[in-house]
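Working notes, beginning with the structure itself.
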Amino acid sequence: MRWWLAGVFGLIAALTALLVATVSSRQVSADVRTNSEDIAVGKTVAAAFAAQRALDRGNLDDALSLIARRQHLAVFVFSHGGHLLSDAKSLGVFWTSVPDGPTALGSALSGHRFVETFGDGAETVVALPLRGNGGPRGLVAYAPRETAFGKSLAIFHREVIRASLWALLAAIVLGLLAATLVARRLKRIADAASAIEQGDFEIRLEPRLRDEVGSLALSIDRMRMRLRDSFERLRAERDRLGLLLEQLQEGVLAVDADLTVQFANASAARMLGPALQRGGPLADSWHGLPLREMARGLFRADAAVAEARSGGDEDRAISLAGVPASNAGLAVLVLTDITARARRERAEREFVANASHELRTPVTAIASAVEALQSGAQESPHDRDAFIALIGRQARRLGRLTHSLLVMARAQTGEEPIQLEPVDLRPVLDDVAAACEPPADVRLDVSCPSPLVALGQRDLVEQIVANLVGNALKHTEHGSVEVRARPAGEQVVLEVADTGPGIPPGEAERVFDRFYSGHNGRRDGFGLGLAIARDAVRSLGGRIEIESEPGAGTTARVTLARRRGS
3 MRWWLAGVFG LIAALTALLV ATVSSRQVSA DVRTNSEDIA VGKTVAAAFA AQRALDRGNL
63 DDALSLIARR QHLAVFVFSH GGHLLSDAKS LGVFWTSVPD GPTALGSALS GHRFVETFGD
123 GAETVVALPL RGNGGPRGLV AYAPRETAFG KSLAIFHREV IRASLWALLA AIVLGLLAAT
183 LVARRLKRIA DAASAIEQGD FEIRLEPRLR DEVGSLALSI DRMRMRLRDS FERLRAERDR
243 LGLLLEQLQE GVLAVDADLT VQFANASAAR MLGPALQRGG PLADSWHGLP LREMARGLFR
303 ADAAVAEARS GGDEDRAISL AGVPASNAGL AVLVLTDITA RARRERAERE FVANASHELR
363 TPVTAIASAV EALQSGAQES PHDRDAFIAL IGRQARRLGR LTHSLLVMAR AQTGEEPIQL
423 EPVDLRPVLD DVAAACEPPA DVRLDVSCPS PLVALGQRDL VEQIVANLVG NALKHTEHGS
483 VEVRARPAGE QVVLEVADTG PGIPPGEAER VFDRFYSGHN GRRDGFGLGL AIARDAVRSL
543 GGRIEIESEP GAGTTARVTL ARRRGS
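Residue 557 in my numbering sits at position 555 of the sequence shown, and the numbers go up by one each step.
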């Protein structure tokens, strides 16, 4: 800017100097021409008086030479007829070379004065009438410009040019200086604006002058302070938001349009583990959740909040929610560990199903006993006592089943781990056998050394054995069902073996599925017995397995921990 501004100053100065020089030169030339005319007229009048006297004396030729040298004029005298009375050459100037001589002579002979300047004041022609006896005569004088005027005019022009050049140089220097000062002030403003663009709000602008540039600097400085305050508030909000996100139990991810992870809180890092790379590409999937596919869909113009949920893993359940990017340029993925909630929901569903299955037998027995008593059995002391004893026994069993179902449900949700305690297996097996009513052609046998103590909970162990025995009796029409227990090192093995039709090979893997009854035996159950037994065994830390061959019967085997010393 400093160079073109200095050039503008120089151009303005040059135009001004040219205008001043032109006007002053014209004025000086006009003044010189006027002065030359006045001097020439004065000299010509004096020459005319001298020539008139010479004419009167009759010595015109001798007098004109002296007059011409004295007045520094070329003097020519004519008769009234226009004939030259003097020499045709005067002071080295021929009459024929006098500018506009005939016109001047005609004016003089007609009795008028003629004055004309030629060559911008370099030559002056003056014509005056003279008196004579034979009629008017005329005198024409040619006067060159005075030498002093020519020198003065040349000096004037030279000085005007010199003054113009100095003015031009001074204008350029002053323009360069002014442009440099303005440029320096604007550069300070530009540096401050650049610093603001880079996020540095500490450069202050203090204008020394309150002109337009100073007002601009003040405006930018006020903008700097307001931006600094706004950025500080935004930084504080960002820090608070970051702290809040770090405290969340949910995993939060922010990805850009290239599906690069720009932010991840501690929970996301803990959940995703090696699958998460901050500043790297988002993983394609995790635990069956389509991370990359969902994130890509969040950048569409018509994107809405998306949700997905992992399934098939009983040990862990994850919910994935996606928030569209909109105009923010970042899409947000929220990972929530809903394992506990999923377990609770599953336990609630299973509790209802288990309760329906397990409580059906004692409730039915109690209802049947009450109906028998109401039908007349109460009149017989023996029958009344038997039915009352049955009601009491089934009521106690109902209480134990309810307790065991609640304990198992809490264990499945992880809210209350089961406290293992010593359980003597022989009384449990005897109680289960006493409560069962096998078909007429089926024998129920119990084989267990005493004492044989396992680690578990009595109600759950009884529930496991009752379900296995009930399932075996349901599918056995002839033969026997044997309930046996034996020690096996640090473990105890419980087995329920029947002589039923066995399990077809294609169904062996599904017998523990909920609500699956199979194709053999009766269809009067819910298909929950083995599923409940499996859940109860797992809650006690044991394992259960089924061995079966078609036509050779089925053996259900449960392995539990054994108390040392038993």
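In this text, a Cβ means the ideal position worked out from N, Cα and C, and glycines have one as well.
Return yes when the Cβ of A379 is within less than 8 Å of the Cβ of V425, no when it is not.
-> Counted from its first residue, the sequence shown places residue 425 at position 423. Counted from its first residue, the sequence shown places residue 379 at position 377. No. Outside cutoff.
First through last residue of the beta strand (DSSP E) which encompasses E239 | Reading the sequence shown from its first residue, position 237 is the one you call residue 239. Per DSSP, E239 belongs to no beta strand (DSSP E); it is in the alpha helix (DSSP H), 214-249.
With respect to the alpha helix (DSSP H) encompassing I466, which residues constitute its N-terminal and C-terminal limits?
-> Position 464 of the sequence shown, counted from the first residue, corresponds to residue 466. Looking at the DSSP string, the run of the alpha helix (DSSP H) that includes I466 is 460-477.
In whole angstroms, what is the alpha-carbon distance linking L17 and S166?
-> Mapped onto the sequence shown, residue 17 falls at position 15. Mapped onto the sequence shown, residue 166 falls at position 164. Spanning the two alpha carbons is a distance of roughly 10 Å.
Does the region 290-309 come within contact of the region 320-334, defined as at least 3 CB pairs closer than 8 Å?
-> yes
Just the C-alpha distance for D202 and R186, rounded to the nearest angstrom, thanks.
-> On the sequence shown, residue 202 is found 200 positions in, with the first residue counted as 1. On the sequence shown, residue 186 is found 184 positions in, with the first residue counted as 1. Just so you know, the alpha carbons of D202 and R186 end up roughly 20 Å apart.
Close beta carbons around D500, own chain, < 6 Å, minus the five adjacent residues each side | In the sequence shown, the residue the question calls residue 500 occupies position 498. The answer, listed in chain order, is A474, T478, V483, G555, T556.
So, is Q279 buried or exposed, given that buried needs 16 or more other C-beta atoms within 10 angstroms?
-> On the sequence shown, position 277 is the one that residue 279 refers to. Label assigned to Q279: exposed.
Return the CA-CA distance between A259 and L291, expressed in angstroms with no decimal places.
-> Your numbering for residue 259 matches position 257 in the sequence shown. Your numbering for residue 291 matches position 289 in the sequence shown. About 19 Å.
Please work out which residues of its chain come closer than 6 Å, Cβ to Cβ, to D286, disregarding the five sequence neighbours upstream and downstream, and give them in chain order.
-> Here residue 286 refers to the residue found at position 284 when the sequence shown is read from its first residue. Cβ within range, chain order: R294.
Run of the alpha helix (DSSP H) containing A90, from where it starts to where it stops | Against the sequence shown, residue 90 aligns to sequence position 88. Taken as a continuous stretch (DSSP letters only), A90 belongs to no alpha helix (DSSP H), as it is neither H nor E.
Do you know offhand how far Q249's Cα is from A271's?
-> Position 247 of the sequence shown, counted from the first residue, corresponds to residue 249. Position 269 of the sequence shown, counted from the first residue, corresponds to residue 271. Roughly 13 Å between the two C-alpha positions.
Shortest alpha-carbon distance to E39 belongs to which of L68, D58, S449, R115?
-> Numbered from its first residue, the sequence shown carries residue 39 at position 37. Out of L68, D58, S449, R115, R115 has the C-alpha closest to the C-alpha of E39.
Contacts around P276, its chain only, beta-carbon distance under 8 Å, and the 5 residues preceding and following it disregarded | Taking the sequence shown and counting its residues from 1, the one referred to as residue 276 is at position 274. Within the same chain, P276 has no close Cβ partners at all.
Thinking just about the alpha-carbon of each residue, which of N469, I420, V263 is nearest to the one in C438?
-> As a working note, residue 438 is residue 436 in the sequence shown. Checking every option, the nearest Cα to that of C438 belongs to N469.
Nearest-angstrom Cα distance between E118 and K91?
-> If you number the sequence shown from 1, residue 118 lands on position 116. If you number the sequence shown from 1, residue 91 lands on position 89. Distance between the alpha carbons of E118 and K91 is about 20 Å.
Give the C-beta separation of A563 and Q493 to the nearest angstrom, bearing in mind that I take them to be a contact with Cβ-Cβ under 8 Å.
-> In the sequence shown, the residue the question calls residue 563 occupies position 561. In the sequence shown, the residue the question calls residue 493 occupies position 491. Contact holds; Cβ gap of about 6 Å.
Classify G253 as helix, strand or coil using the three-state DSSP reduction.
-> Within the sequence shown, the letter at position 251 stands for residue 253. The three-state secondary structure of G253, taken from DSSP, is strand.
Kindly indicate the opening and closing residues of the beta strand (DSSP E) around A435.
-> The residue you call residue 435 lines up with position 433 of the sequence shown. No beta strand (DSSP E) holds A435; the alpha helix (DSSP H) holding it covers 427-437.
What does a CB cutoff of less than 6 Å around S449 pick up in its chain, not counting 5 residues either side in sequence?
-> Counting from one through the sequence shown, the residue named residue 449 turns up at place 447. Leaving aside the five residues that flank S449 on each side, the residues in its chain whose CB is nearer than 6 Å to its CB run, in chain order, R486.
Let me know the secondary structure DSSP gives R190 once reduced to three states.
-> The count along the sequence shown starts at 1 and reaches residue 190 at position 188. In the structure shown, R190 sits in a helix (DSSP, three-state: H, G or I).
So, are the CB atoms of V215 and V257 less than 8 Å apart?
-> Within the sequence shown, residue 215 is the residue found at index 213, counting from 1. Within the sequence shown, residue 257 is the residue found at index 255, counting from 1. Going by C-beta atoms, V215 is not nearer than 8 Å to V257.
Is the Cβ-Cβ distance between L130 and V79 less than 8 Å?
-> As a first step, residue 130 must be located in the sequence shown, where it is residue number 128. As a first step, residue 79 must be located in the sequence shown, where it is residue number 77. No; because the gap between Cβ atoms is not below 8 Å, this pair is not in contact.
Spatial distance of G371 from T338 (CA atoms) = In the sequence shown, residue 371 corresponds to position 369, counting from 1. In the sequence shown, residue 338 corresponds to position 336, counting from 1. Looking at the sequence shown, residue 371 is not Gly but Ala. Going by the C-alpha atoms only, they are around 52 Å apart.
Counted within 10 angstroms of its Cβ, other Cβ atoms place R226 as buried (16 or more) or exposed = Stepping through the sequence shown from its first residue, residue 226 is reached at position 224. Under this definition R226 is a buried residue.
Spatial distance of V560 from R488 (CA atoms) = By one-based count along the sequence shown, residue 560 stands at place 558. By one-based count along the sequence shown, residue 488 stands at place 486. So the alpha carbons of these two residues sit roughly 11 Å apart.
Distance, Cα to Cα, G527 vs A533?
-> Numbered from 1 along the sequence shown, position 525 holds the residue referred to as residue 527. Numbered from 1 along the sequence shown, position 531 holds the residue referred to as residue 533. Bear in mind that a pLDDT of 44 at G527, under 50, signals an unreliable position, so the model cannot answer this.
Residues in its own chain within less than 6 Å of E549 by CB, not counting five upstream and five downstream?
-> Against the sequence shown, residue 549 aligns to sequence position 547. Spatial neighbours of E549 in its own chain (CB-CB distance under 6 Å, excluding positions within 5 residues in sequence) are listed in chain order as T557.
Kindly indicate which three-state DSSP category G299 falls into: helix, strand or coil?
-> Position 297 of the sequence shown, counted from the first residue, corresponds to residue 299. If DSSP states are grouped into helix, strand and coil, G299 belongs with the helices.
Reference R445, options G491, V498, E423, P453, closest by Cα | The residue you call residue 445 lines up with position 443 of the sequence shown. Nearest option by C-alpha distance: V498.
What is the residue span of the alpha helix (DSSP H) that R71 lies within?
-> For the purposes of this step, residue 71 is taken as residue 69 along the sequence shown, with counting starting at 1. Element bounds for R71: 62-73.
Identify the continuous beta strand (DSSP E) that holds A106 and give its terminal residues.
-> Looking up residue 106 in the sequence shown gives position 104. Premise fails: A106 lies in the alpha helix (DSSP H), 103-111, not in any beta strand (DSSP E).
Near Q73, which residues of its chain fall below 7 Å by C-beta distance, leaving aside the five closest residues on each side in sequence?
-> The count along the sequence shown starts at 1 and reaches residue 73 at position 71. Excluding sequence neighbours, Q73 sits near K45, A48, A49.
Counting only the same chain and skipping the five closest in sequence on each side, list residues whose C-beta sits under 8 Å from that of I340.
-> As a first step, residue 340 must be located in the sequence shown, where it is residue number 338. Cβ neighbours of I340 beyond the five flanking positions: R311, A319, I320, S321.
Name the one or two DSSP bridge partners that P131 has.
-> Your numbering for residue 131 matches position 129 in the sequence shown. For P131, which the question treats as bridged, DSSP gives the partners G140.
Per DSSP, what kind of secondary structure is Q200 in: helix, strand or coil?
-> Counting from one through the sequence shown, the residue named residue 200 turns up at place 198. Coil, per DSSP.
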